[in-house]
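What follows is a set of notes on a single structure, which appears directly below.
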Amino acid sequence: MEAGPVNGRRGAGPWLLLLPAALVMLIAFALPVGMLLARAFTHPEPGLQNFILLWERPVYLHVLVNTVMIAAAATPVTLILAYPVAHAMAHGSPRTRRLLTFLVLIPFWTSLLVRSFATVILLQRRGPLNTLLVNIGVIDAPLPLIYNLTGVLLGAVQTLLPFVIFPLYSSMRRIDPTLMPAALTMGASPVRAFLRVYLPLSLPGLMTGATLVFISMLGYFVIPALLGGPRQTMVGQLIQDQVGQLGSWGVAGALSFVLLAVTAGLLGLLHRLVGLKAVAR
Amino acid sequence: MTLPAMGDPAGPILELRGIRKQYGRLAAVDDVSLELRHGEFLTFLGPSGSGKTTTLMLVAGLQQPDSGRIILAGKPVDRLPPYKRDIGMVFQHYALFPHMTVRRNVAFPLEMRGTPRAEAERLVSAALAMVGLPDHGDRLPRQLSGGQQQRVALARAMVYRPALLLMDEPLGALDKALREGLQLEIKRLHREQRMSVLYVTHDQAEALTMSDRIAVFDEGRIQQIGTPSELYERPATRFVASFVGETNFIPGTVLGRDGDACRIAVAGVPMLASDRFSAQPGTRVTLAIRPERLRLSAAGEGVPAELVDLIYLGNARRYVLRLPDGTEWSALLQAGMADAATLRHGDAVRLTWEAAHATAFPG
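Heads up: the sequence lines are chains A and B, in that order. With the first letter of the first sequence counted as 1, position 22 gets the number 22 in my numbering; the numbers rise by one all the way through. With the first letter of the second sequence counted as 1, position 17 gets the number 17 in my numbering; the numbers rise by one all the way through.
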């Protein structure tokens, strides 16, 4: 048995160390968000008029559905692209792992805004990509790669890939590399071995990645603004317009409130579905 | 429950013909040929990097040979993927599927083969009973001890009666007491189930305990293949003599022949040894003699030596002997052989042996 006072001090120490971070989160995150959400019910006067407005004007509901749809489209695309990269990082040689980690981290060295503008230049009608494709004869006329859903997805997926690759990688690293060969020796084809053994074991990483992509995507604002067209307007842009251009904090608060509720609801549903599936087998 | 062995009992269950596998410029497996008989327990023994595990992986189809043929149950399989070969495999770290219960793990190969459900359930129960874990079916692998996990892995590799069972250092991750218990258990399963087994280990005692025959690997080649006693009593190369059991290596010079034996000067004393090559007089050779084959006497014929240490081992005594040239030999005498019991530290002794128990190797 340890002496009482030593134990007591050991117990309190870690909590004290958490305090600075907790204070920053409280002042810079919890308070402003709380105030914004509160304004939905108080601005310009107390009541539910902001929510009634959202309900009565079809544009708001439309943009909300749009936002969820774009996020829902970006999530599987990102997961599918990230999966083989994470796999190579998890089970490749240390050299491969170092190289891929480096490549995946490169995008973090430049700001999102710079990268998005670069994407605009690259993807525009007379940009390098279209010029190349026309010149080598793959296509006859330039493809519409920007100011539409393709542009938004291309921009979003490239910024979100690292957020899926790393959780996937850390969950794949924990998978014993002899499980797949073992399944093969027992008569499982590579596809069946993957579906029955590897995929279920990488599910925690996939869930974390999917969650991060989906949530980040719901709040996206720079990318749809720069790379999307009017049809790809997302809730984040509406909130920005309400505050920045119209000064209407109440409507912005109500939109934020609904976005938060939808996010929480969809996440709960997703985890419930996949969680149950993982337990069943 | 004993099921009949599969395939044609007349021919070998597995045949390797001139198998080669190269990694860059290194020949991991270099011209390996062997036959595994029906129901035989054959062990690949060798140090790490000797090619034993690579050869096993080639048989499993988890790696592809550069050249050579692999014939399993009469059919060439070297172009077939692992899942089309009729094999079972046990891995060093068990390789149980952590998200499946013990029952589902053992049922997995049956499921892949489309075995009807009722039949599969029956086979799984029988396999779990066979390895002594009839009541552990609903546990997850992580809820079992290492030894139990390896029993489940055994059940999983045997439940579908593959033509050949491959084991890659299956006891390597277990502690000594558990390892010895499982050695006997695997032996028993092999005997009762009449399985053909290819077993890989770097532990020579394990190989001697378990095997019908042993193939000793070094530098990608089979140095010798034979029964445990053949390997121990008549090692073909110096490497085999050093890797299997304990051996004194003693330098000498060939003097001439004496019938089947070879006359060799050891520390100036003419002694007899057997050789597998016809050594010419004047050739420098190395004798390999097991410690228990050395005989000690206080006087008379033999190589003179000084007794520098005497270690009591209970069932035996170990004598450490130093020759005039400084080399140290080790002799092992069973308890009850009283002739040398009166010797003490510092005593001068004479060493002798029978010609059949000393093997001369070139160099």
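Ideal Cβ positions, reconstructed from N, Cα and C, are used throughout, including at glycine.
Going by other Cβ atoms of all chains shown within 10 Å of its Cβ, with 16 needed for buried, is residue i buried or exposed?
i: residue 186 of chain B; result: buried
i: residue 196 of chain B; result: buried
i: residue 43 of chain A; result: buried
i: residue 190 of chain B; result: buried
i: residue 206 of chain B; result: buried
i: residue 167 of chain B; result: buried
i: residue 217 of chain A; result: buried
i: residue 315 of chain B; result: exposed
i: residue 161 of chain A; result: buried
i: residue 312 of chain B; result: exposed
i: residue 277 of chain B; result: exposed
i: residue 78 of chain B; result: buried
i: residue 45 of chain A; result: exposed
i: residue 223 of chain A; result: buried
i: residue 135 of chain A; result: exposed
i: residue 82 of chain B; result: buried
i: residue 54 of chain A; result: buried
i: residue 26 of chain A; result: exposed
i: residue 175 of chain B; result: exposed
i: residue 143 of chain B; result: exposed
i: residue 243 of chain B; result: buried
i: residue 333 of chain B; result: buried
i: residue 191 of chain A; result: exposed
i: residue 84 of chain B; result: exposed
i: residue 406 of chain B; result: Outside the shown range of chain B, which is 1 to 363, sits residue 406 of chain B, and nothing can be said about it.
So residue i contacts chain B; which residues on that side make the cut at Cβ distance below 7 Å?
i: residue 234 of chain A; result: Those do not exist, as residue 234 of chain A stays about 37 Å from chain B at its closest Cβ, beyond 7 Å.
i: residue 187 of chain A; result: 83, 109, 112 and 113
Tell me whether the beta-carbon of residue i lies closer than 9 Å to the beta-carbon of residue j.
i: residue 133 of chain B; j: residue 161 of chain B; result: no
i: residue 128 of chain B; j: residue 103 of chain B; result: yes
i: residue 13 of chain B; j: residue 34 of chain B; result: no
i: residue 148 of chain A; j: residue 232 of chain A; result: yes
i: residue 209 of chain A; j: residue 167 of chain A; result: yes
i: residue 55 of chain B; j: residue 44 of chain B; result: yes
i: residue 273 of chain B; j: residue 285 of chain B; result: yes
i: residue 302 of chain B; j: residue 351 of chain B; result: yes
i: residue 235 of chain B; j: residue 359 of chain B; result: yes
i: residue 290 of chain B; j: residue 202 of chain B; result: no
i: residue 152 of chain A; j: residue 228 of chain A; result: yes
i: residue 213 of chain B; j: residue 222 of chain B; result: no
i: residue 16 of chain B; j: residue 164 of chain B; result: no
i: residue 411 of chain B; j: residue 182 of chain A; result: The structure shown does not extend to residue 411 of chain B, since chain B spans only 1 to 363, so no value can be given for it.
i: residue 213 of chain A; j: residue 74 of chain A; result: yes
i: residue 170 of chain B; j: residue 153 of chain B; result: yes
i: residue 310 of chain B; j: residue 267 of chain B; result: no
Of all Cβ atoms in chain A, is any one closer than 9 Å to the Cβ of residue i?
i: residue 113 of chain B; result: yes
i: residue 14 of chain B; result: no
i: residue 130 of chain B; result: no
i: residue 116 of chain B; result: no
i: residue 366 of chain B; result: The displayed coordinates of chain B run from 1 to 363. Any statement about residue 366 of chain B would go beyond what the structure contains.
i: residue 144 of chain B; result: no
i: residue 166 of chain B; result: yes
i: residue 23 of chain B; result: no
i: residue 160 of chain B; result: yes
i: residue 349 of chain B; result: no
i: residue 91 of chain B; result: yes
i: residue 99 of chain B; result: yes
Within the 9 Å Cβ cut-off, does residue i reach chain B?
i: residue 32 of chain A; result: no
i: residue 201 of chain A; result: yes
i: residue 190 of chain A; result: yes
Using a C-beta to C-beta distance shorter than 8 Å, which residues of chain B count as neighbours of residue i?
i: residue 195 of chain A; result: None at all; the shortest Cβ gap to chain B is about 12 Å.
Counting only Cβ pairs nearer than 7 Å, list the residues of chain A close to residue i.
i: residue 95 of chain B; result: 176, 178, 179 and 182
By the criterion of Cβ-Cβ separation under 8 Å, what are the contact partners of residue i in chain A?
i: residue 172 of chain B; result: Per Cβ cutoff of 8 Å: no residues; residue 172 of chain B is ~13 Å from chain A at best.
i: residue 141 of chain B; result: Within 8 Å Cβ-Cβ: nothing; residue 141 of chain B doesn't reach chain A, min ~10 Å.
Name, please, each residue of chain A whose Cβ falls closer than 9 Å to the Cβ of residue i.
i: residue 88 of chain B; result: 185 and 186
i: residue 357 of chain B; result: Under the 9 Å cutoff, chain A gives no residues; its nearest Cβ is about 43 Å from residue 357 of chain B.
i: residue 217 of chain B; result: Within 9 Å Cβ-Cβ: nothing; residue 217 of chain B doesn't reach chain A, min ~21 Å.
Looking at chain C, is there any beta carbon in it that lies within less than 9 Å of the beta carbon of residue i?
i: residue 155 of chain B; result: The displayed structure is made up of protein chains A and B, and chain C is not among them.
Practice task
Name, going along the chain, the residues of the stretch 34-64 of chain B whose beta-carbon falls closer than 9 Å to a beta-carbon of chain A.
Solution key: 57, 60, 61 and 62
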